[in-house]
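Visitor:
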Amino acid sequence: MLRGVSGKSGNAAESARSRKSNDIKQSADITESAPDIPVTAHAWHTPDGVQIPMLSVGQNDHIGIIGPNGAGKTTILNALLARLDTQPFDVPRLVIAQNTTSDDAHAALDQLAQLSPSDRGDVLSAMAQLNADPDRILAASSEPSPGELRKLLLCLGVTRHPHLIIMDEPTNHLDLHSRQALARALAANRGAVIVVSHDMPFLREAVTQLWQVHA
């Protein structure tokens, strides 16, 4: 059962490290153009028996999904995404899964390489703000670590101005400073955010409400 609980290049790399902005660059009008997202019209059950009440996600909602292992948190994310696909309007969204692959890394690096110098600099600047090393990201012989890849996917994704960011266990493979930087970046995001995490200090900074899943 789910219940809502209110709560709380080398030159490019050097340029990225020297920037002073405190949050990831985003669309200035995202909150004006993003509609509320009616995820469900009524209570329902997922195919594996997880009961989900009527839910909606506002354009600025920052939501954390918590619960014990095996309770159905990722199942709920997948079910919400399936419901979004049935909506009569498009919801631009960025989804970063808990588990990533080498294919994800290669695709992300290819996308980074194809950006204009200005956009690439924005992405690398955002990476630096998330406690990543732009020089390592640009090293052709080095594949990003799982933590670095999550940061890269997020920083690439926000250049497309998503109205909704969904991340499943985003603090896996991140050190304390990176977790804190990611929490600040998500808290500053002007669109909606849904995060599955066991990391309560991270959630206390990144989100403003919790959905608790009971086994």
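Sequential numbering from 1 applies to the sequence shown in the UniProt record's numbering. The beta-carbon is built from N, C-alpha and C at its ideal position, and this holds for glycine as well. These numbers were taken from a predicted model, which means no experiment stands behind them.
Report the residue ranges of all alpha helix (DSSP H) runs contained in full by the segment 136–177; include only those spanning at least 4 residues, in chain order.
Guide: Counting only runs of 4 or more, we get 146–157.
Visitor: Rounding to the nearest angstrom, what Cα-Cα distance links Asp110 and Thr159 in this structure?
Guide: Rounded to the nearest angstrom, the gap between the Cα atoms of Asp110 and Thr159 is 15 Å.
Visitor: If distances are taken between C-alpha atoms only, which option among Lys73, His106 and Asn189 comes closest to His161?
Guide: Asn189
Visitor: Quick one: measure Cβ to Cβ for Met167 and Ile96, integer angstroms, because I've assumed they're closer than 8 Å.
Guide: 5 Å
Visitor: Using 8 Å for Cβ pairs, my map puts Arg150 next to Thr100. What's the rounded Cβ distance?
Guide: 7 Å
Visitor: Per the DSSP calculation, Ala192 is bridged to which residue(s)?
Guide: Leu164
Visitor: Can you give me the start and stop residues for the beta strand (DSSP E) that Val123 sits inside?
Guide: Per DSSP, Val123 belongs to no beta strand (DSSP E); it is in the alpha helix (DSSP H), Pro117 to Gln129.
Visitor: If we ignore side chains and look at the alpha-carbon of each, how far apart do Leu164 and Asn60 end up?
Guide: 9 Å
Visitor: Please report how far the alpha carbon of Val123 lies from the alpha carbon of Ala113, in whole angstroms.
Guide: 11 Å
Visitor: Leaving out five residues before and five after His62 in sequence, what residues of the same chain have Cβ atoms less than 6 Å from its Cβ?
Guide: Val193, Val207 and Thr208
Visitor: Indicate whether Leu156 and Ala105 have their beta-carbon atoms separated by less than 8 Å.
Guide: Between Leu156 and Ala105, the gap from beta carbon to beta carbon reaches 8 Å or more.
Visitor: Roughly how many angstroms lie between the CA atoms of Ala34 and Phe89, to the nearest whole one?
Guide: Bear in mind that the predicted position of Ala34 carries a pLDDT of just 39, short of 50, making it too unreliable to give a figure here.
Visitor: Would you mind stating whether Gly67 and Ser197 have Cβ atoms separated by less than 8 Å?
Guide: Their beta carbons are not under 8 Å apart, which means Gly67 does not touch Ser197 by this criterion.
Visitor: Measure the Cβ-Cβ separation of Gly72 and Val213 and say whether it is below 8 Å.
Guide: yes
Visitor: Tell me which residues share the same chain as His177 and place their Cβ nearer than 8 Å to its Cβ, disregarding the 5 neighbours each side in the sequence.
Guide: For His177, where only same-chain residues beyond five positions count, the Cβ hits under 8 Å are Asn131.
Visitor: Would you kindly report the start and end of the unbroken alpha helix (DSSP H) that includes Met214?
Guide: Here residue 214 turns out to be His, not Met, going by the sequence shown. No alpha helix (DSSP H) contains His214, which DSSP labels as neither H nor E.
Visitor: Since Gly64 sits in a beta bridge, which residues does DSSP pair it with?
Guide: Gly64 pairs with Val195 and Leu210.
Visitor: Please list, in chain order, all residues of the same chain as Phe202 whose beta carbon is under 6 Å from its beta carbon, the five residues on each side excluded.
Guide: Thr171, Arg179 and Ala183
Visitor: Look at the Cβ atom of Ser142, then the Cβ atom of His173, and state whether they are nearer than 8 Å.
Guide: no
Visitor: Can you name, in chain order, every residue of its own chain whose Cβ lies under 6 Å from the Cβ of Gln98, other than the five neighbours on each side?
Guide: Excluding residues within five positions, the ones whose Cβ falls inside 6 Å are Asp168 and Glu169.
Visitor: Between which two residues does the alpha helix (DSSP H) carrying Gln111 extend?
Guide: Ser102 to Gln114 is the extent of the alpha helix (DSSP H) around Gln111.
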